[in-house]
Each structure stands twice: as structure tokens, then as C-alpha cells.
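To get the numbering used here, take the position in the sequence shown, counting from 1, and add 28. Glycine residues also receive a C-beta, built at the ideal position from the N, C-alpha and C atoms. Shown next, in C-alpha cells, is the structure this report addresses.
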Amino acid sequence: MASKNIAEQSAAQRIRSYLSIAIVPNGTAVLIAIILALLLLVLSSTTLAALPATVANIWLVSNMVPVQGGGITVGLLPMSPAILLMVAVARRIRRNVKETVSLRTLGGIVAVSLGLPLLLTLTAAAMLLDASQVFDVSPPNIFAAIARTFAVHLIAVIFGMGPRLWRALSKHVGVSPAWVDSAVHVLGFGARLLFLGLGAALISLALHYQAVAESLQPYNPRGIAAVVLLCVLYLPNVAVAGLAMLLGADFQIQDLSISLFDAQLPILPPVPWFAALPQSHAAWMPLLMAIPAAFIFRHAMSSLTSWKQLALNTATLVLAALLTTAFTGGALGYFGTVGPSLWLSALLIMAWYAGIGAVTVAVVSYISRETVVEPEIVEDVEPEETEVEVDPQEEEPVAEVLEGEVIESEQAPEEPEATQEEDEAEDVEKLEKDSEEQ
């Protein structure tokens, strides 16, 4: 088991093992950045002296850090590269913590998984600072670069640890693990809502096919292929923006807003996704908010059972909305800040989910109280004394199959089945035992 082997190693060996966990996914990302940079420089007939700066910018883009050049800041970055990087990091971490893991080992894995990317981001900023003396590039805002890189890899660590380890850690510190199941369930629901937003954007794209065709006219065949690839990379951004608009939020561009309630189209970039924005406003468009409301109502009816669960789910969704919306939009040169409104999107998801969920929980609680059956009053009747013969076979020990093993009890009470809580308790004991041994 990977974690046990790490725990048994010396300090120097443990550090090397920790570094290997972080180096593999991040090193692969750097290698891909080098290949892409070489390809871009060759296709654009640019000198290879610009290779370090190009690699640095690609690394920053993969960590959702805005890049600058020629006096223009581009913060509207595709989320797909960052998602792929997070998946790679999370899978590597999951592989090393899926078995027994000690607190020291876990701390080391988390430290290198967050520390190495920050070191690479600082290196990229230094490379851009050096290249700015020769090329028209600029280093990023160092605080924003550190914050965004940290956020991307923290998300990867959180998902990489997995629900079972989070339950064990919760029990280890004396916190109920119920929040873990609640978070996993509501995040799955949030992902389904994002598919709803993406579907709405694709339908709008098909309806505005003439505007899409016009947006592709300035490009030659090679340029059209590049634009289509770019649109694919922006699919997660489109899903978040589409969901935000379905909930009632506005999409901002050039200090103007486009929503289900109003449409003020400015000059748009020649990209098909912008052609999918509403060209004009119709009175029926606010009715589209009923679609996500119906999804939320169905989820609430099938999943919400208590006020505590509603509060946990709402907090999780709001936090996820803030993170995803912050990564979805950003500066786009002349067009200013482009993307869905950050705080309005978070407030609307909170209002829709908490409002519908509160009504659902209240109604379900009221109905459950009304359907309680009053116990029937029956006059006491003295039972007749009867003799009961005891079958000798009933006094024999009872055997029950428990996860493939036969367990015998001294008496005949029912043996409880193995549950998820027992597995989690065993994980907590392993955490404490490993910590004491080290």
C-alpha cells in the first residue's frame, strides 16, 4: 500500500515520495506547455527566444491566472485546462491516500501538492519579468497569481482526498461526518445544473446560427479550426454563464448587461459563443427561470429531509458558485470585464435553492406530523397463563454471514450488518494508530 510504504520510510525518502506525487501531474503539465509553446512559435514564425515567456504564460493560463502583454490583460480564460490539471492532481493524490494513511503522511502530501505549483507560478512570473525587457510581455499580479494557483490546487486536493478520508478526518476531530455526504450529493446536483446551463447555451447557439456564421466570416479555414477548438475549451465557462443567466443573473460586457430581463448588445468579439447571446429581449424570456426552479424543486422533494441539511447544501452551493463564477469571467482587453455577475449569481443560487428548499422541508414536515397515527386505546386483558415449550435448537448459537465471514455469537440476538460507519470508524482508528506509531 502506497501510504504505508511512505510511513515506513526515512525522512529523506518520505520527502522524495511526497515530491513524486506532485511532480508527476505538474511536470506533465509543464511538458505539455513546452510542446504547445514550440508549436505556437513555429506556426507564428516567432523566434525561439520567446519560448520561456510562452511556456510561462501557458502555465499561468492552466492555473487560471490572468496574463498580460502589449498593455492588454486577458483574464477571460478557458476553464478546461485547469479542470484537466485538477483531475490529474486529484487522481494522483487519491491513488496514495485510498488505503490507510497517517496524519503526517497526509500533511506531507497536501504540503507538496500546494507548494510545488506555487513555486512553479513564482518561477513563471520571474521568467516573464526577465522576458519583459526584450518582448512585449508583463509579469502577472503576483498576489492574484498566488491566490488563483492556490485555489486551483486546493480544489484538486479536496477532491483527491475523497469522501471516505474526509469522513474519517471528521470523526477524528469530533465533527459529525454528515456534512461530507451532504456536500457530495449537492455538488453532484450542481454539476447537473451546469449541464442544464450548457444545454441552454447550445440551443441558443443553434437558434442564432446566422450570427454564428457571420462571426466566422473574418477567418480562413485554419482560423475557423482554431476558433472552434477555442470554443471547445470554453465549454465549462459557457455552462456556468448559461446557468447564471437561467437563474436571472446578467452577463456583463463593455459595462453593459445582457439577461433574461434586458438585452443591450455592444460590439461583440468575433467568437461563436458571443453570437449565442440574446440579440433582443422578449416578454416571455423571464419564464425560462422556471426550468432551473423545476430542477431544484425535484431535487428538494427527493433529497432534502431537514433544515440542517438545507443549510449545509445551500452553503456548499454558494461557495461553489462563487469559485466557478470567479473563474468563468475576467478582463478581455478592449471589452473590459466579461462574464456573469459574481455576487448576483451567488445570491440567486442561494435564493432559489434556499427558498424552494425551505418551502419543501416545511411542507414535508407538516405532512409528516399530520399523518402520525394516534395509538388506539385497548382495555387491558389479563393473558391466560400458558406453558411454552422451548425448542433446544433455538438455544444454539446463531451464525450470520458478515462480508463473507461467518461470525458466531454466544446468544441469539441479531448481529448488526456491516455499515459504512464501521468502515469509517476503522479508518479513524487507523489514523490515530498510525499517528501514535510515528
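> Do you know how far the Cα of residue 250 is from the Cα of residue 172?
Replying inline: Within the sequence shown, numbered from 1, the residue matching residue 172 stands at position 144. Within the sequence shown, numbered from 1, the residue matching residue 250 stands at position 222. When rounded, the distance between both Cα atoms is 34 Å.
> Thinking just about the alpha-carbon of each residue, which of 299, 103 and 271 is nearest to the one in residue 239?
Replying inline: In the sequence shown, residue 239 corresponds to position 211, counting from 1. Of the listed residues, the one whose Cα sits closest to residue 239 is 299.
>> Considering Cα atoms alone, identify which of 158, 41, 385 and 108 is closest to residue 345.
In response: Here residue 345 is taken as the residue at index 317 of the sequence shown, counted from 1. For the residues 158, 41, 385 and 108, the minimum Cα distance to residue 345 belongs to 385.
> Taking Cβ positions, are residue 130 and residue 185 nearer each other than 8 Å?
Replying inline: The residue given as residue 130 occupies position 102 in the sequence shown. The residue given as residue 185 occupies position 157 in the sequence shown. Cβ atoms of residue 130 and residue 185: not closer than 8 Å.
>> Rounded to the nearest angstrom, what separates residue 218 and residue 382 at their Cα positions?
In response: The residue labelled residue 218 in the question sits at position 190 within the sequence shown. The residue labelled residue 382 in the question sits at position 354 within the sequence shown. Spanning the two alpha carbons is a distance of roughly 14 Å.
> My guess is that residue 52 and residue 65 are in contact by the Cβ rule of under 8 Å, so how many angstroms apart are they, rounded?
Replying inline: The count along the sequence shown starts at 1 and reaches residue 52 at position 24. The count along the sequence shown starts at 1 and reaches residue 65 at position 37. The pair is not a contact, with the Cβ atoms about 21 Å apart (cut-off 8 Å).
>> Looking only at its chain, what residues have a beta carbon closer than 6 Å to the beta carbon of residue 348, apart from the 5 residues adjacent to it on each side?
In response: Position 320 of the sequence shown, counted from the first residue, corresponds to residue 348. Closer than 6 Å at the Cβ level, and outside the excluded window around residue 348, lie 218.
> Which stretch, first to last residue, makes up the beta strand (DSSP E) that contains residue 279?
Replying inline: For the purposes of this step, residue 279 is taken as residue 251 along the sequence shown, with counting starting at 1. It spans 279-281 - the beta strand (DSSP E) in which residue 279 sits, taken as one unbroken run.
>> Once the 5 residues before and after residue 28 are set aside, which same chain residues still bring their CB inside 7 Å of it?
In response: Any question about residue 28 goes unanswered here, given that the chain covers just 29 to 466.
>> If I measure Cβ to Cβ from residue 58 and keep anything under 8 Å in the same chain, skipping five residues before and after, which residues do I get?
In response: Your numbering for residue 58 matches position 30 in the sequence shown. Around residue 58: 83, 87 and 148.
> Quick one: any contact between the stretch 373-380 and the stretch 266-276, if contact means 3 or more CB pairs under 8 Å?
Replying inline: The stretch 373-380 is in contact with the stretch 266-276.
> Who are the Cβ neighbours of residue 101 in its own chain at under 6 Å, not counting the five residues just before and after it?
Replying inline: To locate residue 101, count along the sequence shown from 1; it is residue 73. The beta carbon of residue 101 lies closer than 6 Å to those of 94 and 359 in the same chain, with the five residues before and after it left out.
> Just reading off the beta strand (DSSP E) that residue 365 is part of, what are its end residues?
Replying inline: Here residue 365 corresponds to residue number 337 of the sequence shown, with the count starting at 1. 365-368 is the span of the beta strand (DSSP E), which, as asked, contains residue 365.
>> Relative to the C-alpha of residue 377, which candidate in 392, 394 and 269 has its C-alpha closest?
In response: The residue given as residue 377 occupies position 349 in the sequence shown. Looking at the Cα atoms, 269 is the closest of the given residues.
> Where does residue 355 land, buried or exposed, given buried means 16+ other C-beta within 10 angstroms?
Replying inline: Here residue 355 corresponds to residue number 327 of the sequence shown, with the count starting at 1. Here residue 355 is buried, its C-beta having at least 16 other C-beta atoms within 10 Å.
> Going by DSSP, which residues form a beta bridge with residue 245?
Replying inline: Numbered from 1 along the sequence shown, position 217 holds the residue referred to as residue 245. Looking at the DSSP assignment, residue 245 forms no beta bridge with any residue, so it has no partner.
>> With three or more beta-carbon pairs closer than 8 Å as the criterion, would you say the stretch 303-321 touches the stretch 225-240?
In response: A contact exists between the stretch 303-321 and the stretch 225-240.
>> For residue 267 and residue 105, I'd like the C-alpha separation in whole angstroms.
In response: Taking the sequence shown and counting its residues from 1, one reaches residue 267 at position 239. Taking the sequence shown and counting its residues from 1, one reaches residue 105 at position 77. Rounded to the nearest angstrom, the two C-alpha atoms are 14 Å apart.
> Residues in its own chain within less than 7 Å of residue 369 by CB, not counting five upstream and five downstream?
Replying inline: As a working note, residue 369 is residue 341 in the sequence shown. So the list reads 277, 278 and 280, once near-sequence residues are dropped.
> Who are the near neighbours of residue 352 in its chain, counting only those whose CB is closer than 6 Å to its CB and skipping five residues on each side?
Replying inline: Position 324 of the sequence shown, counted from the first residue, corresponds to residue 352. 268.
> Apart from the five residues on each side of it in sequence, which residues of its chain come closer than 7 Å, Cβ to Cβ, to residue 50?
Replying inline: Walking along the sequence shown from the start, residue 50 turns up at place 22. Here residue 50 has 140, 141 and 144 as same chain residues with Cβ atoms under 7 Å from its own Cβ, once five neighbours each way along the sequence are excluded.
>> Can you tell me whether residue 204 is buried or exposed? The criterion is at least 16 other CB atoms within 10 Å of its CB, across all chains shown.
In response: On the sequence shown, residue 204 is found 176 positions in, with the first residue counted as 1. Flag for residue 204 reads exposed.
>> Taking the alpha-carbon of residue 167 as reference, which of 151, 182 and 179 has the nearest alpha-carbon?
In response: Against the sequence shown, residue 167 aligns to sequence position 139. Checking every option, the nearest Cα to that of residue 167 belongs to 151.
> Which residue comes first and which comes last in the alpha helix (DSSP H) that contains residue 276?
Replying inline: Here residue 276 refers to the residue found at position 248 when the sequence shown is read from its first residue. Run containing residue 276: none; DSSP gives neither H nor E here.
>> Taking only three categories from DSSP, how would you classify residue 98?
In response: Position 70 of the sequence shown holds residue 98. For residue 98, the secondary structure class from DSSP, reduced to helix, strand or coil, is coil.
> Grouping DSSP H, G and I as helix and E and B as strand, with all else coil, what is residue 45?
Replying inline: Taking the first residue of the sequence shown as 1, we reach residue 45 at position 17. Helix at residue 45.
> Taking the alpha carbon of residue 136 as the point to measure from, which residue in 146, 46, 327 and 91 has its own alpha carbon closest?
Replying inline: Along the sequence shown, one-based indexing puts residue 136 at 108. Comparing Cα positions, the closest option is 46.
> What span of residues does the beta strand (DSSP E) with residue 286 cover, start to end?
Replying inline: Taking the first residue of the sequence shown as 1, we reach residue 286 at position 258. First-last of the beta strand (DSSP E) with residue 286: 284-286.
> Does the distance from the C-beta atom of residue 116 to that of residue 180 stay below 8 Å?
Replying inline: As a position in the sequence shown, residue 116 is number 88, starting the count at 1. As a position in the sequence shown, residue 180 is number 152, starting the count at 1. For residue 116 and residue 180, no; Cβs fall outside 8 Å.
> What number of angstroms, rounded off, separates the C-alpha of residue 335 from the C-alpha of residue 175?
Replying inline: Mapped onto the sequence shown, residue 335 falls at position 307. Mapped onto the sequence shown, residue 175 falls at position 147. Separation of residue 335 and residue 175 (C-alpha to C-alpha, rounded to the nearest whole angstrom) is 34 Å.
>> Give me, in chain order, the residues of the same chain whose beta-carbon lies closer than 7 Å to that of residue 226; leave out the 5 immediate sequence neighbours on both sides.
In response: For the purposes of this step, residue 226 is identified with residue 198 of the sequence shown, where counting begins at 1. Here the set comprises 263, 266, 267 and 270.
> Is residue 340 near residue 210, with beta carbons less than 8 Å apart?
Replying inline: Taking the sequence shown and counting its residues from 1, one reaches residue 340 at position 312. Taking the sequence shown and counting its residues from 1, one reaches residue 210 at position 182. Inclusion of residue 340 and residue 210 in the CB contact set at 8 Å is warranted, their separation being smaller than that value.
>> Taking 8 Å as the limit between beta carbons, can you name the residues of its chain near residue 188, skipping five residues before and five after?
In response: Locating residue 188 in the sequence shown gives position 160, counting from the first residue. For residue 188, same chain residues with a beta-carbon under 8 Å away, outside a window of 5 residues either side, are 117, 118, 119, 120, 121, 122, 125 and 141 in chain order.
>> For residue 159, count the other beta carbons within 10 Å of its own beta carbon; 16 or more makes it buried, fewer makes it exposed. Which is it?
In response: As a first step, residue 159 is located in the sequence shown; it is residue number 131 there, counting from the start. Buried: at least 16 other Cβ atoms inside 10 Å.
> Between residue 261 and residue 108, which are expected to be in contact by the criterion C-beta below 8 Å, what is the C-beta distance as a whole number of angstroms?
Replying inline: Taking the first residue of the sequence shown as 1, we reach residue 261 at position 233. Taking the first residue of the sequence shown as 1, we reach residue 108 at position 80. That belief holds up - the Cβ atoms of residue 261 and residue 108 are roughly 5 Å apart, short of 8 Å.
> In terms of DSSP beta bridges, what is residue 470 paired with?
Replying inline: This structure cannot speak to residue 470, because the chain is shown only from 29 to 466.
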